[in-house]
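Visitor:
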Amino acid sequence: EPEVTQTPSHQVTQMGQEVILRCVPISNHLYFYWYRQILGQKVEFLVSFYNNEISEKSEIFDDQFSVERPDGSNFTLKIRSTKLEDSAMYFCASSVQANSYNEQFFGPGTRLTVL
Amino acid sequence: GQQVMQIPQYQHVQEGEDFTTYCNSSTTLSNIQWYKQRPGGHPVFLIQLVKSGEVKKQKRLTFQFGEAKKNSSLHITATQTTDVGTYFCAGITNAGKSTFGDGTTLTVKP
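If you're matching them up, the sequences are chains A and B in order.
In my numbering, each residue's number is its place in the first sequence (first place is 1) plus 699.
In my numbering, each residue's number is its place in the second sequence (first place is 1) plus 47.
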């Protein structure tokens, strides 16, 4: 069964450093998403991406964040200068479409720890 | 912005008892999705509701979407230990923006 994959599974970084989280969505999916989940809290939407551009983004997704689909398979989330409060689990998800039927398939997540 | 509230935050039940979690949105939803997240796992899609008043069943799980498309519920009949986890509702916009509820964490005592 096709699945969303994410690397690395755990990333430890120093405050102020840049990190890139990588995701490989399911191959025939057209919509891609990033979410974060601070330990013990709810899942928070960061951004949705379609046709090589951002469709929607939340208030969390400020200028420190960017997304890219550098080739036909990868979907990345970059945090330019990490803060302590960026420590969270980051989930990538993909779906066939966003409108009438958009079951989102989540990856296993990358745990980001900012020291 | 859109807010999605979910209650209760925690529910502890004896195996065999029923369980219900409720989801309320501050705005009318295009559709609503339900996810289950096991401890240490990632959210797994359960179902999507689109129509006003829609009711869908999956074995022991019953999902309802309110007439005004602002509230939803998930009911589990005769819980089992495999039902443990956190259940999230998520309001979805047509552009794919999701607003997740706070989740209800279910524990089942055998």
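Glycine residues also receive a C-beta, built at the ideal position from the N, C-alpha and C atoms.
If you're wondering where the values come from, they're calculated on a predicted model, not measured in any experiment.
Could you spell out where the beta strand (DSSP E) holding Thr775/A opens and where it closes?
Guide: By one-based count along the first sequence, residue 775/A stands at place 76. Residues 774–778.
Visitor: Against Gln803/A, what residues of chain B qualify as contacts under a CB-to-CB distance less than 7 Å, listed in chain order?
Guide: Taking the first sequence and counting its residues from 1, the one referred to as residue 803/A is at position 104. The contacting residues are Phe92.
Visitor: At a Cβ threshold of 7 Å, is Phe744/A touching chain D?
Guide: Absent from the structure: chain D. Protein chains present are A and B.
Visitor: Taking Gly148/B as the reference, give the member of Lys156/B, Glu114/B, Gln84/B, Thr129/B with the closest Cα.
Guide: Here residue 148/B refers to the residue found at position 101 when the second sequence is read from its first residue. Nearest C-alpha to Gly148/B: Gln84/B.
Visitor: What residue range is occupied by the uninterrupted beta strand (DSSP E) comprising Leu153/B?
Guide: Residue numbering aside, residue 153/B sits at position 106 when the second sequence is read from its first letter. 151–156 is the span of the beta strand (DSSP E), which, as asked, contains Leu153/B.
Visitor: I'd like to confirm the pairing. Which residues does DSSP put opposite Leu783/A in its beta bridges?
Guide: As a working mapping, residue 783/A is identified with position 84 in the first sequence. DSSP output for Leu783/A lists no bridge partner at all.
Visitor: Hey, Glu702/A and Ile737/A are a contact pair by Cβ (cut 8 Å); roughly how many whole angstroms apart?
Guide: On the first sequence, residue 702/A is found 3 positions in, with the first residue counted as 1. On the first sequence, residue 737/A is found 38 positions in, with the first residue counted as 1. With 8 Å as the limit, Glu702/A and Ile737/A do not qualify as a contact, their Cβ atoms being about 24 Å apart.
Visitor: Using a cut-off of 7 Å between C-beta atoms, extract the partners of Ser786/A located in chain B.
Guide: On the first sequence, position 87 is the one that residue 786/A refers to. What Ser786/A touches in chain B: nothing, since even the nearest Cβ is about 17 Å away.
Visitor: Spatial neighbours of Ile123/B within its chain, please: CB distance less than 7 Å, with the 5 preceding and 5 following residues excluded, ordered by chain position.
Guide: Here the question's residue 123/B lines up with position 76 in the second sequence. Excluding positions up to five away in sequence, the list reads Asp65, Phe66, Arg107, Leu108, Asp130.
Visitor: Can you tell me where the beta strand (DSSP E) holding Gln61/B begins and where it ends?
Guide: As a first step, residue 61/B is located in the second sequence; it is residue number 14 there, counting from the start. Note, Gln61/B: beta strand (DSSP E), 57–61.
Visitor: With C-beta atoms as the reference, is Val795/A less than 7 Å away from Val766/A?
Guide: Within the first sequence, the letter at position 96 stands for residue 795/A. Within the first sequence, the letter at position 67 stands for residue 766/A. No. Outside cutoff.
Visitor: Starting from the C-beta of Ser99/B, find all residues in its chain whose C-beta is less than 8 Å away, skip the five residues before and the five after it, and write them out in chain order.
Guide: Within the second sequence, the letter at position 52 stands for residue 99/B. Cβ neighbours of Ser99/B beyond the five flanking positions: Phe112, Gly113, Glu114, Ala115, Lys116.
Visitor: Do you know offhand how far Asn801/A's Cα is from Leu729/A's?
Guide: Taking the first residue of the first sequence as position 1, residue 801/A is located at position 102. Taking the first residue of the first sequence as position 1, residue 729/A is located at position 30. Taking the straight line from one Cα to the other gives about 10 Å.
Visitor: Looking at C-beta atoms only, is the number of pairs between the region 48–56 of chain B and the region 90–105 of chain B that lie closer than 8 Å three or more?
Guide: no
Visitor: Could you work out which residues of chain B lie near Glu717/A, taking near to mean beta carbons separated by less than 9 Å?
Guide: The residue labelled residue 717/A in the question sits at position 18 within the first sequence. Neighbourhood of Glu717/A in chain B, by CB distance below 9 Å: empty, with the nearest CB roughly 25 Å away.
Visitor: Exposed or buried, what is Ile139/B when buried is set at 16 or more other beta-carbons lying within 10 Å of its beta-carbon?
Guide: Locating residue 139/B in the second sequence gives position 92, where the first residue counts as 1. Result: buried.
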